[in-house]
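Down below is the structure, laid out as structure tokens.
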Amino acid sequence: MSFTTYRDVLPSGLRVVTVETPHLHTALLAVYVRTGSRHETLVSNGVSHYLEHLFFRGSEGWPDTVKMNAAVEEVGGNLNGVTTRDHGYYYTPIHPAHLRVGLDIIGDMLTRPRLTDMEVERQIILEEMLDEVDEKGRDIDLDNLSKHLLFPGHPLALKIAGTRESVTSLTHPQILEHFAQHYVAGNIVVTAAGRVKHSEVLEMTERAFARLPRGPSSVEAPPPLTPAGPRLHFVSHDESQTEFRLNFRGVPEQHEDYPALQIIRRVLDDGLSSRLPYEIVEKRGLAYSVSASLDAYHDAGLLEIEAASAPERAATVITEAFRVLSTLCENEVGEEELARAKRRHRMLLEFSQDSPGELAGWFGGTELFRTPESFGHRADLVDSQSAARVREVARRYFNRENLTVVAVGQRKGLKALERVVADAPGLPGPEAAPLAVVSGGRG
């Protein structure tokens, strides 16, 4: 093994994970926090993302954006922050000789933030949010629209950045309340990966996060059941292409079906020779690209297929996607294709061991929710899947009742789109399942 992992818990409850990779010439610091839009309400929606922005406005030790970023950049770093639905993280690549500088800055940023310039950041966030809406203010982001349908009435349905109304209404006391509740020792994992030493990281972290208050890990409400499909949500938008996503509810990473779903995802989309790109792009020229991905949370999961095409071709693209899925449900994957998917999965896991960012996410990010498994164990689980097992799992999730389609585009292709989603040709399920259609959009 080219790396060694360590895990310790400080007296405050703060977890420290180190991935020693001595052959590398770089290091990466990452601090993971179990808070995101899933931990918000309709009123507070966007507060996690807003707080992320405000952290970069300065801390007591580095009182403005320029001073904070310059201090990191001088030692080879570049401060970044990300907010997702179920967690956030703050990270920087850094020269191994200057690890202390990076930890001191991130530690000060997250324990002694000034939280100033709130109105300036509000305007920046409102500008950022324009990417997700049309000129009428309707949401045209496929991910937002999909989550809204898949997790009705649940915080997982909330937009990461919030709505224009919620962000406009957020107050400084709301920001402080969210900060006090979630930025506590039991809800955070500090991770260092690369050419680092655990004993040094432990000592530096204890000092840099000495002011971090004690507190428990966040608790989430379990996700709801997705209403039975097939369902189509269409938003009329005058663009040259229709974008669409086929959503199927899946399972979390630790579920026994997940390794088979990983193989299915690779059979569908893992290079131009895999099934979806070959059939839809290379063979028929129906779209420029098509993708399949797994979106997993600690208690839920999704398999998503996404593409864009001319409006008059959208129904044809979806028909071809259904045909590809139906072959997975009807026939076992061939021996060589199955071996290729397993081989590429193992190889790409090995490649990721040369990336401090991948190592930090695997061992540090996962630690927020559960004990991380080894790369070898994950690869072995995938290798153990038989062709019969892959077919069984494909039939379990690729069925009409589990189908939710979101599309954004011109209305001239809508009738054909409605017909193909209602029929879902080739997918298992009741022949006469009614189609639920919602047209329009949400703000």
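When you read off a place in the sequence shown, starting at 1, and then add 741, the result is the number in the working numbering. In this text, a Cβ means the ideal position worked out from N, Cα and C, and glycines have one as well. Please read these numbers as outputs of a predicted model, since none were measured by experiment.
Query raised in the report: Are the segment 888-907 and the segment 956-975 touching by the rule of at least three beta carbon pairs closer than 8 Å?
Result: yes
Query raised in the report: Alpha carbon to alpha carbon, what distance is there between Phe1116 and Met1088?
Result: 11 Å
Query raised in the report: Quick one: what does DSSP say Val992 is sitting in, helix, strand or coil?
Result: coil
Report task. Mind checking which residues open and close the beta strand (DSSP E) that includes Thr824? Result -> 821-824
Query raised in the report: Quick one: Cα of Glu980 to Cα of Thr904, how far?
Result: 23 Å
Report task. Within the same chain, show all residues whose beta-carbon is closer than 7 Å to that of Thr1060, passing over the 5 residues directly before and after it, in chain order. Result -> Val1161, Pro1166
Query raised in the report: How many angstroms separate the CA atom of Thr989 from the CA atom of Phe1139?
Result: Strictly speaking, residue 989 in this sequence is Phe, with Thr absent from that position. The alpha-carbon atoms of Phe989 and Phe1139 are separated by roughly 7 Å.
Query - chain C contact for Thr857 (CB, 8 Å cutoff) - result: Any reference to chain C falls outside this structure, which holds one protein chain only.
**Report entry** Endpoints, alpha helix (DSSP H) assigned at Arg972
**Finding:** Element bounds for Arg972: not the alpha helix (DSSP H) but the beta strand (DSSP E), 972-977.
Requested in this report: Assign Thr932 to one of two classes, buried (16 or more other C-beta atoms within 10 Å of its C-beta) or exposed (fewer than that).
Outcome: buried
Report task. Output yes or no for whether 8 Å exceeds the beta carbon distance between His828 and Gly777. Result -> yes
Report task. Could you tell me if Arg1111 is buried or exposed, where buried requires 16 or more neighbouring beta carbons within 10 angstroms of its beta carbon? Result -> exposed
Query raised in the report: Roughly how many angstroms lie between the CA atoms of Thr857 and Phe796, to the nearest whole one?
Result: 9 Å
Requested in this report: Report all residues from its chain with a CB closer than 8 Å to the CB of Pro763; omit the five preceding and five following residues, and keep chain order.
Outcome: Arg936
Query raised in the report: What does DSSP give as the partner residues of Ile929 in its beta bridges?
Result: Val774
**Report entry** Endpoints, beta strand (DSSP E) assigned at Thr833
**Finding:** 829-835
Requested in this report: Quick one: measure Cβ to Cβ for Ser1050 and Val1058, integer angstroms, because I've assumed they're closer than 8 Å.
Outcome: 5 Å
Query raised in the report: What does a CB cutoff of less than 8 Å around Arg1136 pick up in its chain, not counting 5 residues either side in sequence?
Result: Cys1070, Pro1169
**Report entry** Status (buried if at least 16 other CB within 10 Å, exposed otherwise) for Asn885
**Finding:** buried
Report task. Determine the closest residue to Phe1063 out of Ile1046, Leu943, Gln1126, with distance taken between C-alpha atoms. Result -> Ile1046
**Report entry** Neighbour-count burial assignment, Leu1013, 16 or more Cβ in a 10 Å radius
**Finding:** exposed
Report task. Starting from the Cα of Ser1031, find the closest Cα among Leu987, Glu1114, Ala1041 and give me that residue. Result -> The amino acid at residue 1031 is misidentified as Ser; the sequence shows Val. For Val1031, the nearest C-alpha among the options comes from Leu987.
Requested in this report: State yes or no: is the C-beta of Val1065 within less than 8 Å of the C-beta of Leu883?
Outcome: no
Query raised in the report: alpha helix (DSSP H) containing Val1147: first to last residue?
Result: Looking at the DSSP string, Val1147 is not in any alpha helix (DSSP H); the run it does join, the beta strand (DSSP E), is 1144-1150.
Report task. Would you please state the rounded distance, in angstroms, between the beta carbons of Leu1043 and Ala1033? I believe it to be under 8 Å. Result -> Wrong, their Cβ atoms sit about 11 Å apart, outside the cutoff.
**Report entry** Complete alpha helix (DSSP H) runs within the segment 1043-1127 (minimum length 4 residues, chain order)
**Finding:** 1055-1071, 1076-1093, 1097-1101, 1116-1124
Query raised in the report: Based on Cα-Cα distance, which residue from Glu1099, Pro1113, Glu1091 lies nearest to Tyr747?
Result: Pro1113
Query raised in the report: Should Tyr999 go down as buried or exposed, given a rule of 16 or more other Cβ atoms within 10 Å for buried?
Result: buried
Query raised in the report: Residue ranges of each beta strand (DSSP E) run of no fewer than 3 residues wholly in the segment 752-818, ordered along the chain?
Result: 756-761, 768-774
Query - DSSP-derived helix/strand/coil call for Thr745 - result: strand
Query - Residue of Arg863, Ala934, Thr983, Ser887 minimising C-alpha distance to Arg1152 - result: Thr983
**Report entry** Local conformation of Pro1167 per DSSP, three classes
**Finding:** Note that residue 1167 is Gly in the sequence shown here, rather than Pro. Note: Gly1167 maps to coil in three-state DSSP.
Query raised in the report: In chain order, what residues of the same chain lie with their CB nearer than 7 Å to the CB of Arg1085, ignoring the 5 residues before and after it?
Result: Arg1007, Asp1011
Query raised in the report: Under 8 Å between the Cβ atoms of His913 and Val788?
Result: no
**Report entry** Top-ranked residue by Cα proximity to Val908, from Ile866, Ala921, Ser1125, Tyr832
**Finding:** Ile866
Query raised in the report: Between the beta-carbon of Asp849 and the beta-carbon of Gly818, is there less than 8 Å?
Result: no
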